[in-house]
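To start, the structure under review is shown below, and the notes come after it.
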Amino acid sequence: MGNPIPKTVFALRAHLSQISHPETRAFAEEAISCFEGRQFRAAIVLSWIGAVSVLQQCVASNKLVEFNAEALRRNPKWKSAKSSDDLGLMKEDEFLDVLQAISVIGKNVKQELKKALTLRNGCGHPNSLKVAEHKVASHIEDLILNVFATHV
45 MGNPIPKTVF ALRAHLSQIS HPETRAFAEE AISCFEGRQF RAAIVLSWIG AVSVLQQCVA
105 SNKLVEFNAE ALRRNPKWKS AKSSDDLGLM KEDEFLDVLQ AISVIGKNVK QELKKALTLR
165 NGCGHPNSLK VAEHKVASHI EDLILNVFAT HV
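See the structure below:
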């Protein structure tokens, strides 16, 4: 059996045409390049960071008032966000819960994104976790289909 990475890279790059925003597309392309170079942990971390940035920009541009109201309802100490940078002050797990509550993402997408966050957390720190091409390709594909291509 040959190396599956070139075929998988081709399939992942085919999804890039669904991403209309040039900077977002470039970010996803960079994550795919990390995958192609077998830098699997980097590909996971980079693709996750890009996806969170896309979601933060989406909220800042379209749902900031709703987001702040829901965040304050959940946590009375929340200081209203005024920009996407302010949204980064919330833990990513909680951020996903608020996004579902205000209908930016659905329940099933949130569940998949929480799995992606767990994987990102495992890959973002030195530890014994091992990941290989199929897991990484699936992670990137999920983020492209459910975040990069739909929330820009």
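If you want our numbering, it's the position in the sequence shown, counting the first as 1, plus 44.
Heads up, the beta-carbon is just placed ideally off N, CA and C, and yes, glycines get one too.
Nearest residue (CA-CA) to residue i, options the options
{"i": "Arg82", "options": "Thr52, Ala104, Gln101 and Val103", "result": "Thr52"}
{"i": "Ile88", "options": "Gln100, Leu140 and Gly168", "result": "Gly168"}
{"i": "Lys154", "options": "Leu140, Ser147 and Leu163", "result": "Leu140"}
{"i": "Arg117", "options": "Gly132, Glu138 and Ala104", "result": "Glu138"}
{"i": "Val180", "options": "Ser124, Ile149 and Phe79", "result": "Phe79"}
{"i": "Gly132", "options": "Val98, Glu156 and Pro120", "result": "Val98"}
C-alpha gap between residue i and residue j, whole angstroms
{"i": "Pro50", "j": "Lys135", "result": "35 Å"}
{"i": "Lys123", "j": "Leu161", "result": "24 Å"}
{"i": "Lys198", "j": "Ala55", "result": "As shown, the chain starts at 45 and ends at 196. That puts residue 198 outside it, with no answer to give."}
{"i": "Arg57", "j": "Glu67", "result": "15 Å"}
{"i": "Asn36", "j": "Asn119", "result": "Nothing in the structure corresponds to residue 36, since the chain is present only between 45 and 196."}
{"i": "Glu110", "j": "Ala125", "result": "11 Å"}
{"i": "Asn171", "j": "Ala75", "result": "21 Å"}
{"i": "Glu73", "j": "Asp129", "result": "23 Å"}
Close-in-space but distant-in-sequence residues of the same chain around residue i (CB under 6 Å, 5 per side omitted)
{"i": "Phe71", "result": "Gly94"}
{"i": "Asn190", "result": "Val153"}
{"i": "Glu156", "result": "Asp186"}
Residues near residue i by beta carbon distance below 8 Å, same chain, minus five either side
{"i": "Lys151", "result": "Gln144"}
{"i": "Leu173", "result": "Gly166 and Cys167"}
Whole-Å CB distance - residue i paired with residue j, under 8 Å assumed
{"i": "Gln100", "j": "Ala193", "result": "Actually they do not touch by this definition, with Cβ atoms about 17 Å apart."}
{"i": "Glu177", "j": "His59", "result": "The pair is not a contact, with the Cβ atoms about 16 Å apart (cut-off 8 Å)."}
{"i": "Ser127", "j": "Ala104", "result": "6 Å"}
{"i": "Ile146", "j": "Lys121", "result": "Not confirmed; about 19 Å, so no contact."}
CB contact flag (residue i, residue j, <8 Å)
{"i": "Cys102", "j": "Val142", "result": "no"}
{"i": "Ser91", "j": "Leu187", "result": "yes"}
{"i": "Arg85", "j": "Val175", "result": "yes"}
Own chain residues within Cβ distance below 7 Å of residue i, not counting five before or after
{"i": "Leu163", "result": "Ile88 and His183"}
{"i": "Val96", "result": "Glu136"}
{"i": "Ala115", "result": "Trp122, Met134 and Val142"}
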